[in-house]
Amino acid sequence: MGYHRAMPETPARAVHPDHGSFRHSYSKDKAQLVRRLSRIEGQVRGIARMIEREEYCVDILQQTAALRAAVDAVSILILEDHVQGCVRTAAERGEADKYVDEVVDVVRRTLGRPVRGTKAAG
Numbered sequence: 005m006g007y008h009r010a011m012p013e014t015p016a017r018a019v020h021p022d023h024g025s026f027r028h029s030y031s032k033d034k035a036q037l038v039r040r041l042s043r044i045e046g047q048v049r050g051i052a053r054m055i056e057r058e059e060y061c062v063d064i065l066q067q068t069a070a071l072r073a074a075v076d077a078v079s080i081l082i083l084e085d086h087v088q089g090c091v092r093t094a095a096e097r098g099e100a101d102k103y104v105d106e107v108v109d110v111v112r113r114t115l116g117r118p119v120r121g122t123k124a125a126g
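Residues in the sequence shown are numbered from 5 upward in steps of one, following this note's numbering.
Quick look at the structure:
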């Protein structure tokens with residue numbers, strides 16, 4: 005478990021379709037997202053305390069797995085809202101391709117796969 009996979013850097017302002025014309029789809033879940041993120045903050049602090057107390061490695065690894073699952077759940081919720089809101093609205097306006105490509109690219113980066121159009125090693 006000694007390897008660390010860093011998330012690829014995201015440009016400060018990636019090329020996005022015109023987001024200004026949409027209400028962010030996750031707005032309806034904003035309170036739930038904030039609650040989940042607060043719990044995640046608590047999980048991180050708990051893991052830090054476990055390390056400070058030099059608790060058993062496997063127990064810490066179980067907590068990091070739970071943390072990863074919690075972060076993934078937040079990401080899925082935002083992704084679902086984006087597809088059901090922003091992408092659907094873009095499709096109705098005939099602009100779906102830009103949004104679909106953006107979603108596919110971010111999912112590929114999240115999974116550690118190269119973004120289309122870039123050279124992959126191997």
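Just so you know, even glycine gets a beta-carbon here, dropped at the ideal spot from N, CA and C.
Proximity of the region 62–74 to the region 37–48 meets the contact definition, three or more beta-carbon pairs being nearer than 8 angstroms. Excluding its 5 nearest sequence neighbours in each direction, residue 103 has C-beta neighbours in its own chain below 7 angstroms: 21, 90, 91, 94, listed in chain order. Within the same chain, and ignoring the five residues on either side of residue 78 in sequence, the residues whose Cβ sits closer than 8 angstroms to its Cβ are 37, 40, 41, 44. Close CB contacts of residue 63 within its chain, under the 8 angstroms cut and outside five residues either way in sequence, are with 54 (chain order).
Residue 117 and residue 35 have their C-alpha atoms roughly 31 angstroms apart. For the pair residue 33 and residue 76, the CB atoms are not nearer than the 8 angstroms cut-off. Straight-line spacing of the CA atoms in residue 114 and residue 80 works out to 11 angstroms.
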